[in-house]
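Asks: Read in the working numbering, the sequence shown has 726 at position 726, and its numbers run on one by one without any break. Glycine included, C-beta positions come from ideal geometry on N, C-alpha and C. Note that the coordinates shown come from a computational prediction; the quantities given were computed from them, not determined experimentally. Have a look at this one before I ask anything.
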Amino acid sequence: MTSIPFYKRPFGSDRKDLPFAELASSRSSRELVGDQAADAAFFRSLESQGLYLNRAQIEAVRHTDGPLLTLAGAGSGKTSVLVSRAGYLMAVGKADPASILLVTFSSKAAAEMKERIMSLPDLHPKESAKVTARTFHSFFLYLLRTRGFRQEILSNSRHQQFIIKRILREMGLQDGYEAETLLSLWSAYRMNMTGLDELPVRTPAEIEQRQIFARYEAWKEENGQMDFDDILVLSYRLLTSDDRLLSSLQRRYRYVMVDEFQDTGLLPYELLKMIVRPHANLMVVGDDDQTIYSFNGARNEFILEFDQTFPGAKVVTLDVNYRSLSSIVGLGNEIIRENKRRRIKKLQSTRKSGNVPLYLRPGDPDEEAELLLKHISGEVSEGKKSYSDYAILYRTSNNSRAVFEQLVMKEIPFIHYEQGDLFYEQWMVKPVMDHLRLSLDRRDFKAMEGMLNTLYINRDKGIAFIREKDAPRPKKGPLSHLLSYPGLKDFQIEQIRERSKMIKSLKALEPEDAVREIRLRFYDKYLEADNTQDLTMHKEFIQEGLDELEASAKRFKDLASFIGFVDRLIEVHREMAARKKDDSTDAVKLMTIHKAKGLEFPSVCLIGASEGILPHTSSLEAEHMDDNHPLTSRQEKGADALEEERRLAYVAVTRARDELIISSPAYYRGRKVEVSRFLQSVFQSSSQGPNEKKHKDGTLDSRKDWRRTNRESSARSTGSRSSTGTAAGPGSSRRSGDRSARSANERLRVTVQSGPSGNKEAQVSAVRTESVRAWLCTGTGCKGWQRLESGKSGTKNGKKCPLCGSPMKTGMKEAAVPAGRR
Numbered sequence: 001m002t003s004i005p006f007y008k009r010p011f012g013s014d015r016k017d018l019p020f021a022e023l024a025s026s027r028s029s030r031e032l033v034g035d036q037a038a039d040a041a042f043f044r045s046l047e048s049q050g051l052y053l054n055r056a057q058i059e060a061v062r063h064t065d066g067p068l069l070t071l072a073g074a075g076s077g078k079t080s081v082l083v084s085r086a087g088y089l090m091a092v093g094k095a096d097p098a099s100i101l102l103v104t105f106s107s108k109a110a111a112e113m114k115e116r117i118m119s120l121p122d123l124h125p126k127e128s129a130k131v132t133a134r135t136f137h138s139f140f141l142y143l144l145r146t147r148g149f150r151q152e153i154l155s156n157s158r159h160q161q162f163i164i165k166r167i168l169r170e171m172g173l174q175d176g177y178e179a180e181t182l183l184s185l186w187s188a189y190r191m192n193m194t195g196l197d198e199l200p201v202r203t204p205a206e207i208e209q210r211q212i213f214a215r216y217e218a219w220k221e222e223n224g225q226m227d228f229d230d231i232l233v234l235s236y237r238l239l240t241s242d243d244r245l246l247s248s249l250q251r252r253y254r255y256v257m258v259d260e261f262q263d264t265g266l267l268p269y270e271l272l273k274m275i276v277r278p279h280a281n282l283m284v285v286g287d288d289d290q291t292i293y294s295f296n297g298a299r300n301e302f303i304l305e306f307d308q309t310f311p312g313a314k315v316v317t318l319d320v321n322y323r324s325l326s327s328i329v330g331l332g333n334e335i336i337r338e339n340k341r342r343r344i345k346k347l348q349s350t351r352k353s354g355n356v357p358l359y360l361r362p363g364d365p366d367e368e369a370e371l372l373l374k375h376i377s378g379e380v381s382e383g384k385k386s387y388s389d390y391a392i393l394y395r396t397s398n399n400s401r402a403v404f405e406q407l408v409m410k411e412i413p414f415i416h417y418e419q420g421d422l423f424y425e426q427w428m429v430k431p432v433m434d435h436l437r438l439s440l441d442r443r444d445f446k447a448m449e450g451m452l453n454t455l456y457i458n459r460d461k462g463i464a465f466i467r468e469k470d471a472p473r474p475k476k477g478p479l480s481h482l483l484s485y486p487g488l489k490d491f492q493i494e495q496i497r498e499r500s501k502m503i504k505s506l507k508a509l510e511p512e513d514a515v516r517e518i519r520l521r522f523y524d525k526y527l528e529a530d531n532t533q534d535l536t537m538h539k540e541f542i543q544e545g546l547d548e549l550e551a552s553a554k555r556f557k558d559l560a561s562f563i564g565f566v567d568r569l570i571e572v573h574r575e576m577a578a579r580k581k582d583d584s585t586d587a588v589k590l591m592t593i594h595k596a597k598g599l600e601f602p603s604v605c606l607i608g609a610s611e612g613i614l615p616h617t618s619s620l621e622a623e624h625m626d627d628n629h630p631l632t633s634r635q636e637k638g639a640d641a642l643e644e645e646r647r648l649a650y651v652a653v654t655r656a657r658d659e660l661i662i663s664s665p666a667y668y669r670g671r672k673v674e675v676s677r678f679l680q681s682v683f684q685s686s687s688q689g690p691n692e693k694k695h696k697d698g699t700l701d702s703r704k705d706w707r708r709t710n711r712e713s714s715a716r717s718t719g720s721r722s723s724t725g726t727a728a729g730p731g732s733s734r735r736s737g738d739r740s741a742r743s744a745n746e747r748l749r750v751t752v753q754s755g756p757s758g759n760k761e762a763q764v765s766a767v768r769t770e771s772v773r774a775w776l777c778t779g780t781g782c783k784g785w786q787r788l789e790s791g792k793s794g795t796k797n798g799k800k801c802p803l804c805g806s807p808m809k810t811g812m813k814e815a816a817v818p819a820g821r822r
């Protein structure tokens, strides 16, 4: 059994009970729909296929006319409801199959629903095949094609980026913007029905962007192309200008159903409302608690205000989770109930828990990766799990750096579900890596090209000049050719000289120091002055990425080994493309929470559940954003931004079926961080308010201290522990029975040490403690305390707790014996 410091409660918890969801009633359509009911035959036919609907599902399926909001909680069987209602409309309601339109967001989901509808019993497959089940874009593209739109679909994202990059080069702006970022920004504008003429032009950067978007639109028109956004934009223009076409759609599609409604943006919603305007036979299925795509235009208020938009709408809540253990559903319920802007719902579970979520408090992300992968490898080696059972979820792509690297080093098969560049090739990290590469090989022209923009020199023109000057007489350091580059100002010439000296000096430094030197000398200031990126990236995200680079570099003693390791990671990242296409691959899945929505896994490891990670720093600072910021919306500011972060935590938790591990690093980029408030709110004592933060002990000044306190806190709250929490690591002779023989002033501590093979292993050792005089806080629920200085009684003037302000009293406190006296 592997020795991993798992606990049944998060670090700092003082809640004694654990949250469990109520178990749902087992009564189904078999008992709820009697044989005497007019529609009994339909439900009996579903049951013959093993589909037994619960009370709420039956209510949604039976609804035929008028607007219907179906709140589908996580794992509540929404697909079965959509499919069954389509069958009910045909079999019981005698609706023409061709009058039913079912739209969703993924072609895979649309194909699955169409197949299930065609396989429904007592319905002829040829008839049920007439049901239209498509994605939004597929449906409206078909509409455009019927009206003579013949443009080719610009569906390849890399092709789109290539076009934008060419436009940027033509405008001399290739060093100022990222193509992918610009495309996302333009898409967000268009899905919110903002056209070129309505774009903000308050700043030079906004004027440039408008020009870029105008050129992109002109290129598509000249070349007979349209992208996915164009499909919806052109369809809206068509339907608002062609009343006859709109009327024909309204007459044909008498019943419209929408899947994943929480992901719907303004433009798709407006299109739907146009089609259903005469009859309002619109059924939407979604979960406002899973609205996590506000940056793509999804709006929580569409669900919240549905019955205002469609007066008299029926609301049905699917509140039975068929996916997860009751302990996982219960945790999800407790997390999400703190949100204020939501439709109230509390999920039940059909699965009584055999285990509970486990919590981990590692020192930092690197130790987090070590411990989790040790656990996964142990479970696989013992035959309990497969690698493919596990999904590791995280808030942002930067948070995957440590676990990605550990997976590569340990040669554990995995699939990294990231669409963008690897961390080391991202726009804010790559120039730093290019400087490091140049320090090893000053004739690395590719790296040289990548860093020219930091000297405010056009990348294409600059590298062409260097190559031209270097060809007749190659130099050891070709960068010096720039000293004769035409048009340079005196300060730029001095910059080139200083930069060349700095690059030479980097080779002698350790990687972490080299990265820090680059940042301190010029790079942080360079990024701060670059306003073009600020429109789509929070400064915290940029800082986060560079801090992560330092954290990665510190593990290496020389630049050559660090660069070699990075090159290996880049190679592995490119190999992932082949694995992604093979669903049968036995590999750990690595993805953001956003990417995981709609999926489920036997085992989920949620990493980075700490303040500043989840919730992300950007959400904590959202209330300070400029009100005129082009991406500012109600969901991205203040409390709304924090609520979306909580929804992310909820989505992550509810992806797990059987096993859930939540890890909250104690240190992040060198800074101590608290356990995520989303967990604190669940496990705080009843005497605290729902939004109060847990105590900050004030004594956790070192890794040893917080690890000791974590052990003590967990031992108090959980009592006796299983072997997974206390068993010694490899090479240790301790057994669980030895614990009773220890003196009362010894506590267990888990540390990660290098084993004989050089691999790090979790070891259990004892920490001696002693009773000391101390100031103790009298505040309810507060654990604050401070050592009483030797020779002082502490009774003269009293003292206030620095954490909660309550009076403190003198008393005795058990504390670790200083290392020098152990």
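Quick one: using the 10 Å Cβ neighbour count with 16 as the cut-off for buried, is D263 buried or exposed?
Replies: Within the sequence shown, the letter at position 263 stands for residue 263. Looking at its Cβ environment, which holds 16 or more other Cβ atoms inside 10 Å, D263 is buried.
Asks: Is it a yes or a no for the segment 79–93 touching the segment 38–48, going by three-plus beta-carbon pairs under 8 Å?
Replies: Touching, yes, given that three or more Cβ pairs across the two stretches are closer than 8 Å.
Asks: Leaving out five residues before and five after L422 in sequence, what residues of the same chain have Cβ atoms less than 7 Å from its Cβ?
Replies: Position 422 of the sequence shown holds residue 422. Closer than 7 Å at the Cβ level, and outside the excluded window around L422, lie L569, I570, H573.
Asks: If you reduce the DSSP assignment to three classes, tell me which class K340 lands in.
Replies: Here residue 340 refers to the residue found at position 340 when the sequence shown is read from its first residue. Coil at K340, not helix or strand.
Asks: Return the chain-ordered ranges of every alpha helix (DSSP H) run that is complete within the segment 29–88 and spans a minimum of 4 residues.
Replies: Counting whole runs of 4 or more residues, the segment 29–88 contains the alpha helix (DSSP H) stretches 29–32, 40–48, 55–62.
Asks: Are the beta-carbon atoms of A464 and V515 separated by less than 7 Å?
Replies: The residue labelled residue 464 in the question sits at position 464 within the sequence shown. The residue labelled residue 515 in the question sits at position 515 within the sequence shown. No, the pair does not count as a contact, with Cβ atoms beyond the cut-off.
Asks: Can you check the segment 479–525 for any alpha helix (DSSP H) of at least 4 residues that lies completely inside it and give the ranges in chain order?
Replies: Qualifying alpha helix (DSSP H) stretches, in chain order: 490–506, 511–518.
Asks: What did DSSP end up calling D288 once you bin it into helix, strand or coil?
Replies: For the purposes of this step, residue 288 is taken as the residue at position 288 of the sequence shown. Looking at D288 - three-state DSSP - the assignment turns out to be helix.
Asks: Would you decide whether A656 is buried or exposed? Buried here means 16 or more other CB atoms lie within 10 Å of its CB.
Replies: Position 656 of the sequence shown holds residue 656. Burial call: buried.
Asks: As a quick exercise: from D35, M257, L53, Y322, pick the residue whose alpha carbon is nearest that of S29.
Replies: What you label residue 29 is simply residue 29 of the sequence shown in a count that begins at 1. Residue L53 is the option with its Cα nearest to S29.
Asks: Rounded to a whole number of angstroms, what is the C-alpha to C-alpha distance between Y417 and T592?
Replies: Here residue 417 refers to the residue found at position 417 when the sequence shown is read from its first residue. Here residue 592 refers to the residue found at position 592 when the sequence shown is read from its first residue. Spanning the two alpha carbons is a distance of roughly 8 Å.
Asks: Looking only at its chain, what residues have a beta carbon closer than 7 Å to the beta carbon of M118, apart from the 5 residues adjacent to it on each side?
Replies: Counted from its first residue, the sequence shown places residue 118 at position 118. For M118, where only same-chain residues beyond five positions count, the Cβ hits under 7 Å are P125, S128, A129.
Asks: Going by other Cβ atoms of all chains shown within 10 Å of its Cβ, with 16 needed for buried, is T654 buried or exposed?
Replies: Walking along the sequence shown from the start, residue 654 turns up at place 654. Classification for T654: buried.
Asks: Quick check on R145: buried or exposed, where buried means 16 or more other Cβ atoms within 10 Å of its Cβ?
Replies: The residue labelled residue 145 in the question sits at position 145 within the sequence shown. It is exposed - the Cβ of R145 has fewer than 16 other Cβ atoms within 10 Å.
Asks: Note down, in chain order, each residue of its chain lying with its Cβ closer than 7 Å to the Cβ of Q250, except the 5 sequence neighbours on either side.
Replies: Locating residue 250 in the sequence shown gives position 250, counting from the first residue. Excluding positions up to five away in sequence, the list reads I275, R277, P278.
Asks: With a 10 Å radius around its C-beta and 16 neighbouring C-beta atoms as the bar for buried, classify G297 as buried or exposed.
Replies: In the sequence shown, residue 297 corresponds to position 297, counting from 1. Per the 10 Å Cβ criterion, buried.
Asks: Curious, which full-length alpha helix (DSSP H) runs of at least 4 residues does the segment 401–451 contain?
Replies: You should have 401–409, 430–440, 445–451.
Asks: Going by DSSP, which residues form a beta bridge with M283?
Replies: As a working mapping, residue 283 is identified with position 283 in the sequence shown. For M283, which the question treats as bridged, DSSP gives the partners L68, M257.
Asks: Mapping the DSSP letters down to three states, classify E636 as helix, strand or coil.
Replies: The residue given as residue 636 occupies position 636 in the sequence shown. With a pLDDT of 48 at E636, under the threshold of 50, the modelled position of that residue is not reliable, and no figure is offered here.
Asks: In whole angstroms, what separates the C-alpha of M428 from that of R202?
Replies: Counting from 1 along the sequence shown, the entry for residue 428 is found at position 428. Counting from 1 along the sequence shown, the entry for residue 202 is found at position 202. Distance between the alpha carbons of M428 and R202 is about 26 Å.
Asks: Name the one or two DSSP bridge partners that A656 has.
Replies: By 1-based counting over the sequence shown, the position of residue 656 is 656. DSSP, once it has assigned bridges, lists F601 as partnering A656.
Asks: Excluding the 5 residues preceding and the 5 following K800 in the sequence, name in chain order all residues of the same chain whose CB lies nearer than 8 Å to its CB.
Replies: Stepping through the sequence shown from its first residue, residue 800 is reached at position 800. Excluding residues within five positions, the ones whose Cβ falls inside 8 Å are S806, P807, M808.
Asks: Put K314 into one of helix, strand or coil per three-state DSSP.
Replies: Taking the first residue of the sequence shown as 1, we reach residue 314 at position 314. Here K314 sits in strand by DSSP.
Asks: Go through its chain and collect everything with a Cβ distance to E659's Cβ below 6 Å, but skip five positions before and after it.
Replies: What you label residue 659 is simply residue 659 of the sequence shown in a count that begins at 1. Cβ within range, chain order: S603.
Asks: Put I457 into one of helix, strand or coil per three-state DSSP.
Replies: In the sequence shown, counting from the first residue as 1, residue 457 sits at position 457. I457 falls in the coil class under three-state DSSP.
Asks: Should G450 and P478 be called a contact, given that it needs their Cβ atoms to be closer than 7 Å?
Replies: What you label residue 450 is simply residue 450 of the sequence shown in a count that begins at 1. What you label residue 478 is simply residue 478 of the sequence shown in a count that begins at 1. Taking 7 Å as the Cβ cut-off, G450 and P478 do not qualify as a contacting pair.
Asks: Using 10 angstroms around the beta-carbon of T778, count the other beta-carbons present and answer buried if the total reaches 16, otherwise exposed.
Replies: By 1-based counting over the sequence shown, the position of residue 778 is 778. Classification for T778: exposed.
Asks: At a threshold of 6 Å, does P204 count as lining the ligand ADP (C-beta to nearest heavy atom)?
Replies: What this structure holds is no ligand at all, so the ligand ADP is not there to describe.
Asks: Would you give the residue range spanned by the alpha helix (DSSP H) that Q161 belongs to?
Replies: Translated into positions along the sequence shown, residue 161 becomes position 161. Here the alpha helix (DSSP H) through Q161 covers 157–170.
Asks: Could you pull the DSSP bridge partners for F123 from this structure?
Replies: Looking up residue 123 in the sequence shown gives position 123. It should be noted that the sequence gives Leu, not Phe, for residue 123. Its beta-bridge partners do not exist; DSSP assigns none.
Asks: With DSSP as the reference, please indicate the residues paired to E152 in a beta bridge.
Replies: Numbered from 1 along the sequence shown, position 152 holds the residue referred to as residue 152. For E152, which the question treats as bridged, DSSP gives the partners Q225.
Asks: Per DSSP, S676 is paired with what?
Replies: Counting from 1 along the sequence shown, the entry for residue 676 is found at position 676. In DSSP, S676 forms no bridge with anything.
Asks: Rounded to the nearest angstrom, how far is the Cβ of Y88 from that of I163, given a contact under 8 Å?
Replies: If you number the sequence shown from 1, residue 88 lands on position 88. If you number the sequence shown from 1, residue 163 lands on position 163. Incorrect: roughly 47 Å between the Cβ atoms, too far for contact.
Asks: Can you tell me which of R166, F140, D17, D319 puts its alpha carbon nearest to the alpha carbon of R237?
Replies: Within the sequence shown, numbered from 1, the residue matching residue 237 stands at position 237. The residue with the shortest Cα to Cα distance from R237 is F140.
Asks: Can you tell me where the beta strand (DSSP E) holding S386 begins and where it ends?
Replies: Taking the first residue of the sequence shown as position 1, residue 386 is located at position 386. Looking at the DSSP string, S386 is not in any beta strand (DSSP E), and its letter there is neither H nor E.
Asks: Can you give me the Cβ contacts of S326 inside the same chain, cut-off strictly under 7 Å, excluding the 5 residues immediately before and after it?
Replies: Translated into the one-based positions of the sequence shown, residue 326 becomes position 326. Within the same chain, S326 has close Cβ partners F20, A21, L23, S349, R351, K352, S353.
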